[in-house]
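Undergrad: One structure coming up, written as structure tokens, with questions to follow.
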Amino acid sequence: MGRTIGLISLKGGVGKTTLSAALAVSLANNFGKKVLLIDANYSAPNLGIHMDIISPSRTIHDVLDGDKISSAIHYRYGVDVIPGNFLYRKAVNPLKLRNRLAYFKRNYDFVILDASPSLNNEVLSTILASDNLFIISTPDYPTLSCSMKAAKLARERNNPIEGIILNKVKGKYDVGLEEIQESTGIPVVAKIKNDKIVNLALHERVPAPLFSKGSAFSKEVMRFAGALVGEKEKRGLFLKIRGKDNKKERVNRAVLRESFYEGMFGKNGR
Ligand SMILES: Nc1ncnc2c1ncn2[C@@H]1O[C@H](COP(=O)(O)OP(=O)(O)OP(=O)(O)O)[C@@H](O)[C@H]1O
Ligand SMILES: [Mg+2]
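If you want this note's numbering, it's the 1-based position in the sequence shown plus 3.
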């Protein structure tokens with residue numbers, strides 16, 4: 004039974020589309036999962052650019068308008084993708100997404116939704132259609148305040164946020180992980196550096212985990228994807244010698260992995 008994962012934020016440009024594409028590609032190519040990736044940013048869709056799908060014949064807009072889901076699927080980089088249409092002429096109802104996916108998601112291990120930052124039915128579409136939600140946030144105060152609002156919105160809809168993915172981490176002037184966790188009450192489950200390979204990859208229209216497998220960006224995305232599939236993280240020699248690992252996001256991922264594993268297979272495993 005497919006699990007729908009929504010990546011949300013109420014701030015634009017934090018990396019939702021970049022990370023949706025990267026996560027989908029990592030789940031498919033690193034872990035052999037069957038993945039459906041959907042552009043749920045209906046008024047400003049651009050997932051197609053990341054996945055090298057330019058001028059798609061059918062899109063999520065057609066699906067919301069009544070077309071068969073299968074007619075809008077484009078296969079790229081190991082993933083089934085439903086892109087959006089910037090120029091769709093008719094108004095569509097984003098809230099239909101949940102029902103449209105209800106049966107179809109059985110064909111997949113994961114459905115990934117790239118959300119809209121608009122505080123209206125567009126983001127609600129992802130919140131209501133997802134089994135699990137993650138906030139994408141950058142480590143600065145304006146974005147943090149938007150993340151707190153997104154968390155509240157999700158809670159009000161009875162779909163609490165599982166974790167925060169911190170993106171574009173730079174260092175010196177960033178808001179710290181502890182402060183972010185304290186103010187939101189949500190664990191940080193990945194810390195992804197600001198990495199120039201992301202824009203190089205976008206320029207080539209290849210998702211970063213395939214463009215540069217060994218980059219810090221790709222490795223952290225893979226660790227997060229690994230937690231979703233219940234895979235234990237490999238610890239480097241240095242960490243093994245030290246005998247402990249105090250990276251908060253890694254510990255949080257271990258907790259996430261357990262909860263996902265139990266959700267999928269029950270407490271006693273497969
Ligand atoms: N870790 C990163 N390092 C460097 N650049 C990044 C990183 N993540 C994303 N970017 C860049 O930031 C820009 C915005 O990313 P993206 O389009 O994924 O954001 P978004 O949250 O989906 O925006 P919107 O809300 O407008 O849909 C892009 O140019 C992307 O290449
Ligand atoms: Mg986007």
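Where a beta carbon is used, it is the ideal one built from N, C-alpha and C, also for glycine.
On a predicted model such as this, the values are computed, not experimentally measured, just so you know.
Scan the segment 15-46 and note each continuous alpha helix (DSSP H) run of 4 residues or more that stays entirely inside, going in chain order.
TA: The segment 15-46 contains these whole alpha helix (DSSP H) runs: 19-32.
Undergrad: With DSSP run on the structure shown, which of helix, strand or coil describes K99?
TA: The sequence position of residue 99 within the sequence shown is 96, counting from 1. Three-state result, K99: helix.
Undergrad: State the CB to CB distance for the pair F227 and R256, rounded to an integer number of angstroms; the pair is presumed to be in contact (CB under 8 Å).
TA: If you number the sequence shown from 1, residue 227 lands on position 224. If you number the sequence shown from 1, residue 256 lands on position 253. The Cβ separation is near 7 Å, so the contact holds.
Undergrad: Is it the case that the CB of G51 approaches a heavy atom of ligand 1 more closely than 8 Å?
TA: Stepping through the sequence shown from its first residue, residue 51 is reached at position 48. No; taking the cut-off as 8 Å, the Cβ of G51 has no heavy atom of ligand 1 nearer than that.
Undergrad: My assumption, with CB atoms under 8 Å, is that L10 sits in contact with A118. Please give the rounded CB distance.
TA: Taking the sequence shown and counting its residues from 1, one reaches residue 10 at position 7. Taking the sequence shown and counting its residues from 1, one reaches residue 118 at position 115. Contact holds; Cβ gap of about 6 Å.
Undergrad: Thinking C-beta only, is T7 closer than 9 Å to N135?
TA: Indexing the sequence shown from 1 puts residue 135 at position 132. Indexing the sequence shown from 1 puts residue 7 at position 4. Going by C-beta atoms, N135 is nearer than 9 Å to T7.
Undergrad: Sort A31, L22, M4 and S128 by Cα distance to V201 and report the nearest one.
TA: The count along the sequence shown starts at 1 and reaches residue 201 at position 198. Closest option to V201, Cα to Cα, is L22.
Undergrad: So for K171, helix, strand or coil by DSSP?
TA: If you number the sequence shown from 1, residue 171 lands on position 168. The answer is strand: DSSP assigns K171 an E or B state.
Undergrad: May I ask you to report which of helix, strand or coil DSSP gives K108?
TA: By 1-based counting over the sequence shown, the position of residue 108 is 105. K108: helix per DSSP, three-state reduction.
Undergrad: Judging by CA-CA distance, which residue of E236, P120, N33 and K175 is the nearest neighbour of Y80?
TA: Taking the first residue of the sequence shown as 1, we reach residue 80 at position 77. If we check each option's Cα against that of Y80, N33 comes out closest.
Undergrad: Using CA coordinates, which residue listed in M225, K250, K194 and L205 is at the minimum distance from H53?
TA: If you number the sequence shown from 1, residue 53 lands on position 50. Measuring from the Cα of H53, the nearest candidate turns out to be L205.
Undergrad: For ligand 1, any of its heavy atoms closer than 8 Å to the Cβ of L205?
TA: For the purposes of this step, residue 205 is identified with residue 202 of the sequence shown, where counting begins at 1. Yes - ligand 1 has a heavy atom lying nearer than 8 Å to the Cβ of L205.
Undergrad: Closest to T141 by CA distance: which of A193, N123 and D112 is it?
TA: By 1-based counting over the sequence shown, the position of residue 141 is 138. The residue with the shortest Cα to Cα distance from T141 is A193.
Undergrad: Using a threshold of 8 Å, is the CB atom of D117 nearer than that to any non-hydrogen atom of ligand 2?
TA: Sequence index remark: in the sequence shown, residue 117 carries index 114 (1-based). Flag set: Cβ of D117 near ligand 2.
Undergrad: Using the rule of at least 16 other Cβ atoms within 10 Å of the residue's Cβ for burial, across every protein chain shown, is R273 buried or exposed?
TA: Translated into the one-based positions of the sequence shown, residue 273 becomes position 270. Reliability fails at R273, whose pLDDT of 46 lies under 50, so the model's placement of it is uncertain and the value that follows must be treated cautiously. The residue in question, R273, is exposed, as its Cβ has fewer than 16 Cβ neighbours within 10 Å.
Undergrad: Look at the Cβ atom of P59, then the Cβ atom of A47, and state whether they are nearer than 9 Å.
TA: Position 56 of the sequence shown, counted from the first residue, corresponds to residue 59. Position 44 of the sequence shown, counted from the first residue, corresponds to residue 47. No, the Cβ-Cβ distance between P59 and A47 is not below 9 Å.
Undergrad: Verify the contact flag: T20, CB atom, against every heavy atom of ligand 2, threshold strictly below 8 Å.
TA: Residue numbering aside, residue 20 sits at position 17 when the sequence shown is read from its first letter. Yes, since a heavy atom of ligand 2 falls inside the 8 Å radius drawn around the Cβ of T20.
Undergrad: For E261 and S148, I'd like the C-alpha separation in whole angstroms.
TA: Start at 1 with the first residue of the sequence shown, and residue 261 comes out as number 258. Start at 1 with the first residue of the sequence shown, and residue 148 comes out as number 145. Roughly 29 Å separates the two Cα atoms.
Undergrad: Just to confirm my understanding: we take R208, look at its own chain, exclude 5 residues before and 5 after, and list those with CB closer than 6 Å. What are they?
TA: Position 205 of the sequence shown, counting from 1, holds the residue named residue 208. Closer than 6 Å at the Cβ level, and outside the excluded window around R208, lie D55.
Undergrad: What are the start and end residues of each continuous beta strand (DSSP E) run of 3 or more residues lying completely inside the segment 180-263, in chain order?
TA: Entirely contained in the segment 180-263, the beta strand (DSSP E) runs reaching 3 residues are, in chain order, 191-196.
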